[in-house]
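Working notes, beginning with the structure itself.
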Ligand code: A3P
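Residue numbers (the numbering used here): 1 to 345.
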């Protein structure tokens with residue numbers, strides 16, 4: 001067991017639990033840990049980065065986009081980055097991978113501890129901004145540390161895994177999504193990426209979700225930690241469903257929060273540039289978009305059949321995909337666990 005700077009204790013999943021898990025999630029080769037309290041579940045290598053993440057030096061001009069996975073992070077980070085850096089839509093680096101411009105702070109945990117320096121893929125931005133850095137000390141983390149102001153950063157970690165001073169130092173945009181859509185999107189993600197390779201059924205995946213046992217752990221607690229801080233002037237909560245239903249209204253609220261002072265026309269340009277269709281066409285998520293053609297990284301059958309990272313970009317997909325039994329189970333979970341004042345659309 002390892003004790004982290006946040007006070008959490010991390011235990012490696014072993015025994016029957018691990019044996020059962022690896023049968024369903026065949027891609028989890030690098031092992032998992034569970035943190036207590038909270039029950040957060042991460043890749044084992046998280047422990048090597050946890051304290052640096054907890055003590056990350058946020059700056060006053062930082063904006064951190066925080067969500068549980070599949071709640072609209074990529075969309076929101078592109079909106080925020082574009083509003084702050086690319087209003088005229090002519091920024092020379094706008095075509096570069098999103099994760100180079102908006103580092104995914106804890107993503108280094110998905111790499112194996114034993115990876116050699118030459119096996120670790122690095123982007124041109126990393127080489128430029130961190131010329132003497134060892135990639136094994138964290139490509140994403142060191143990129144985040146080295147980016148010039150104003151930084152826009154991304155995390156799926158909850159508030160409790162950052163120092164309590166986070167909101168005193170930086171602004172946070174938190175994105176929430178209806179759990180029924182989030183779980184379906186996460187299932188697709190687990191089938192698409194070979195590093196996860198979920199082989200089980202929809203029912204099994206939902207069970208893992210309901211029991212807080214998916215990678216990234218309890219969605220309800222992640223939401224709760226944000227909801228409890230909602231009155232803080234440096235926190236802005238948006239719902240995926242509201243972005244879908246009225247993007248211009250949401251962009252105006254974001255504009256006020258970020259202090260970007262954009263005109264109606266500028267916001268309309270941001271809305272179009274970050275629309276599902278345009279982001280899907282650019283598909284500049286990763287260092288190299290050809291990665292999506294790599295059968296060792298992406299399950300090509302799932303890609304053809306169900307779509308890629310930009311799968312549907314809709315809200316309410318659950319109404320056609322979930323059985324009445326699963327809807328009832330998720331509704332019970334919402335009433336029981338999400339009883340802190342949040343309501344989903
Ligand atoms: P679906 O799988 O339901 O389509 P995250 O970025 O947090 O991983 O969330 C991914 C989800 O957001 C996916 O949902 C993806 O399609 C959707 N998404 C990504 N870009 C979007 C955009 N510009 N507009 C709407 N939805 C978007």
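For every residue, glycine included, the Cβ atom is placed at its ideal position computed from N, Cα and C.
Its chain contains 269, 273 as the residues whose beta carbon lies nearer than 7 angstroms to that of residue 89, once the 5 sequence neighbours on both sides are disregarded; these appear in chain order. With respect to the C-alpha of residue 267, the residue from 82, 15, 21, 44 having the closest C-alpha is 82.
In this structure, the alpha-carbon of residue 185 lies about 10 angstroms from that of residue 310.
Counting every other CB atom within 10 Å of its CB across the protein chains shown gives residue 305 a total below 16, marking it as exposed.
Fewer than three Cβ pairs drawn from the region 283 to 303 and the region 138 to 156 lie within less than 8 angstroms of each other, which leaves the two stretches out of contact. Distances between the C-beta of residue 8 and the heavy atoms of ligand 1 are all 7 angstroms or more. Annotation: residue 239 to residue 247 spans about 11 angstroms, alpha carbon to alpha carbon. Contact annotation: residue 286 and residue 166 have beta-carbon atoms that are not nearer than 8 angstroms.
DSSP, read as helix, strand or coil, puts residue 264 in helix.
Looking at the DSSP output, residue 275 bridges to nothing. Counting the other CB atoms within 10 Å of its CB gives residue 70 a total of 16 or more, which places it among the buried residues. Residue 159 sits in a helix when the DSSP states are folded into three classes.
Closest in C-alpha terms to residue 276, from the list 331, 79, 328, 341, comes 79. In this structure, the C-beta of residue 313 approaches ligand 1 to less than 7 angstroms from one of its heavy atoms.
In terms of CA proximity to residue 255, 173 leads the group 333, 209, 173. Per DSSP, reduced to three states, the secondary structure at residue 248 is helical. Per the Cβ contact rule, the region 27 to 35 is in contact with the region 3 to 12 (3 or more Cβ pairs under 8 angstroms). Taking the Cβ of residue 217 as the reference point, every heavy atom of ligand 1 lies at 7 angstroms or farther away. Partner residues in a beta bridge of residue 22, as assigned by DSSP, do not exist. Just so you know, the alpha carbons of residue 171 and residue 125 end up roughly 24 angstroms apart.
Judged by beta-carbon spacing, residue 209 lies within the 8 angstroms limit of residue 183, meaning their Cβ atoms are closer than that value.
Residue ranges of uninterrupted alpha helix (DSSP H) with 4 or more members, entirely inside the region 192 to 223 and ordered along the chain, are 202 to 210. Taking 7 angstroms as the cut-off, one finds no heavy atom of ligand 1 near enough to the beta carbon of residue 289.
With a cutoff of 8 angstroms on beta-carbon distance, residue 263 and residue 161 are scored as not near each other. If you look at residue 235, you'll find it in the beta strand (DSSP E) that goes 235 to 239.
Look at residue 43 here: in three-state DSSP terms it is strand. Residue 303 has its alpha-carbon roughly 14 angstroms from the corresponding atom of residue 196.
Just so you know, the alpha carbons of residue 203 and residue 219 end up roughly 17 angstroms apart. A straight line joining the alpha-carbon of residue 336 with that of residue 91 spans about 46 angstroms.
Residue 322 sits in coil when the DSSP states are folded into three classes, being neither helix nor strand. As DSSP reads the structure, residue 104 sits in a beta bridge with 154.
Shown here for residue 228: same chain residues with a beta carbon closer than 8 angstroms to its own, the five before and five after excluded, namely 340 in chain order. Residue 154 is classed as buried because its beta carbon has at least 16 other beta carbons within 10 Å across all chains shown.
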